[in-house]
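So for the sequence shown, this note's numbering puts the first residue at 1337; every next one is plus one. Idealized CB from N, CA, C, for every residue including glycine.
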Amino acid sequence: MTPQSLIVILYKKYSIFVKGGTMKTREEIVKDFPQSQDYILEILHALQDNNPYNYLTPEDISVCAQYLNLPYSYVEGVASFYSMFSLKPRGKFIIRLCDSPPCHLVGSESLLEYLKKKLGVEIGETTKDKLFTLEVTSCLGVCAVAPAIMINDEVYGNLNPEKLDKILEEKRGEL
Ligand code: FES
């Protein structure tokens, strides 16, 4: 059994999260934040970041709602409003390709086609090996190095197909 599959089993069976070598339950994760509605986005991010499938489960929503004393439907509404959150399983690496005009002008569309072909997915889909999910996003704030993508929380610019290949290989090597 690989370390990654062990993490997935722990997560699914016992709601145990593994990050930086420490194990935390959902309840412990939310307690890292003040019990105030102002922190709802941070709490949802923390719960999602610790899910090996990069999404928020009904249990995550429920624990967040109880901790902040909010209705479940309200927290679920917040989670479904923001594109950074997902309510369905995604890959280990979320590739967000910028499709705002400055990136579009310097070739983001052909990079998108390249990625779709290389990964064998359409926008919003996850590769069969559950490694990569392809999404598009608006400006990442690095137009000076367009075209740009973000993978999880890392930004990459001045891209072309060769650089993309190298980045994807690096990501595979991180496993
Ligand atoms: S338009 Fe793509 S990073 Fe700004």
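{"Item": "Sub-8 Å separation of I1376 and V1399 beta-carbons", "Value": "no"}
{"Item": "Residues that DSSP places opposite F1517 in a beta bridge", "Value": "Because the chain is modelled from 1337 through 1511, residue 1517 falls outside the range shown and cannot be assessed."}
{"Item": "Length of the line joining the Cα atoms of E1510 and H1381", "Value": "22 Å"}
{"Item": "Inter-stretch contact (C-beta, 8 Å, three-pair minimum) for the region 1448-1461 and the region 1402-1417", "Value": "no"}
{"Item": "Candidates N1390, E1395, E1363 and L1451: closest to K1424 by CA position", "Value": "N1390"}
{"Item": "8 Å Cβ cutoff met for F1429 and F1468", "Value": "yes"}
{"Item": "Start and end residues, alpha helix (DSSP H) containing E1445", "Value": "S1444 to L1455"}
{"Item": "Alpha-carbon spacing of T1473 relative to H1440, whole angstroms", "Value": "12 Å"}
{"Item": "beta-carbon L1476 near the ligand FES non-hydrogen atom, thresh 7 Å", "Value": "yes"}
{"Item": "Any non-hydrogen atom of the ligand FES within 7 Å of P1438 CB", "Value": "yes"}
{"Item": "Where Y1418 sits in the DSSP three-state scheme", "Value": "coil"}
{"Item": "Cβ shell of K1507 (< 7 Å), same chain only, five flanking positions each side left out", "Value": "F1429 and I1487"}
{"Item": "L1392 versus Q1384: straight-line alpha-carbon distance, rounded", "Value": "5 Å"}
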